[in-house]
Structures are given as C-alpha cells and as structure tokens.
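> First residue of the sequence shown? That's 1 in full-length UniProt numbering, and the numbers climb one at a time after it. Using N, Cα and C, we set each Cβ at its ideal position, and we do this for glycine too. Just dropping this structure here.
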Amino acid sequence: MTPHDLKQIGNVIDKKFDEQDKKFDKKFDEQDQKFDKRFEEQGKEFDKKLDDRDQKLLPLMSKLMDVKLENYDRRLDDKLFKWKSEVIDAVDALASEMKDSQDFRLITTNQIAENWERTDRLEKKVFGAVMTA
C-alpha cells in the first residue's frame with residue numbers, strides 16, 4: 001500500500017462518514033422537529049389544563065378573599081369597638097369625677113351657707129343681748 005492508496009481510502013472513508021453524518025443530522029432534525037411539535041402540543045394541553053384549573057379555582061379564591069376581608073373587617077370592628085369602649089370608660093370616669101366634684105361643691109356651699117346662718121344667729125343672740133343690756 002502506497003501513501004496514495006491510503007489517501008484514497010481515507011477520502012472514501014471521509015465521504016462515507018460525511019454521508020452517514022448527513023443522514024444522522026437529517027434523522028436528528030426530523031426527530032427534533034417531532035419532539036418540538038409534540039412538546040408544543042403538550043404545552044398547549046398543559047396550558048389549557050392550567051387555565052381550566054384556574055377557572056375552577058377562581059371562584060374559590062374569590063370566596064377565600066371574601067372570607068379574609070370579612071375576618072379583617074370583623075377584627076377592625078372589634079378593635080374599633082374596644083377603642084370606643086375605652087374612650088367611653090375614660091369619659092365616664094371623668095364625668096363621674098366632675099359630678100362628684102360638683103356634688104362636693106354643692107354640699108360645701110350648703111354647709112358654708114348654714115354656717116353663715118348659724119354665725120348670724122349666734123351673733124344676734126350674743127351681740128343682741130350685749131347691746132340691749
């Protein structure tokens with residue numbers, strides 16, 4: 001075998017490999033296209049299933065949001081009621097203290113008036129007796 005023969009054999013083998021490579025590339029491209037098409041179809045089916053599931057879950061999510069909003073509203077009402085109660089209790093305590101203070105002033109005023117009257121009567125008795133004598 002001469003180097004020329006080896007070169008020819010190498011060229012023949014390279015051609016065969018190139019042909020096989022082209023065949024494999026063609027088959028792989030076909031398979032790749034089939035897979036892409038199949039994946040695309042499955043993706044569409046999956047998206048459709050997800051959309052259907054979303055449509056089924058949408059009313060449930062809406063109800064869940066309504067329940068959560070109602071709970072939040074109820075808690076807010078409870079806190080507002082508690083705050084109002086605290087304000088009313090504070091105002092009530094102040095009002096009762098003011099009423100007690102007014103009652104004390106009224107009682108004190110009456111006692112002072114009674115004491116003045118007693119003092120006047122005593123002065124009239126004591127000084128009236130001294131003046132007449």
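Mapping the DSSP letters down to three states, classify T108 as helix, strand or coil.
Counted from its first residue, the sequence shown places residue 108 at position 108. DSSP places T108 in helix when its eight states are reduced to three.
> Under a three-way DSSP split, which group does T2 fall into?
Here residue 2 refers to the residue found at position 2 of the sequence shown. Correct three-state label for T2: coil.
> In angstroms with no decimal places, state the Cα-to-Cα distance between T85 and E70.
Residue 85 sits at position 85 when you count from the first residue of the sequence shown. Residue 70 sits at position 70 when you count from the first residue of the sequence shown. According to the sequence displayed, residue 85 carries Ser and not Thr. S85 and E70: Cα-Cα distance of roughly 22 angstroms.
> Between D32 and I13, what straight-line distance do the alpha-carbon atoms span, to the nearest angstrom?
Here residue 32 refers to the residue found at position 32 of the sequence shown. Here residue 13 refers to the residue found at position 13 of the sequence shown. Their backbone Cα atoms lie some 27 angstroms apart in a straight line.
> Could you compute how far the alpha carbon of E97 sits from the alpha carbon of I112?
For the purposes of this step, residue 97 is taken as residue 97 along the sequence shown, with counting starting at 1. For the purposes of this step, residue 112 is taken as residue 112 along the sequence shown, with counting starting at 1. Cα-Cα distance, rounded: 22 angstroms.
> Please report how far the alpha carbon of G128 lies from the alpha carbon of T119, in whole angstroms.
Taking the first residue of the sequence shown as position 1, residue 128 is located at position 128. Taking the first residue of the sequence shown as position 1, residue 119 is located at position 119. Cα to Cα, the separation comes out at about 13 angstroms.
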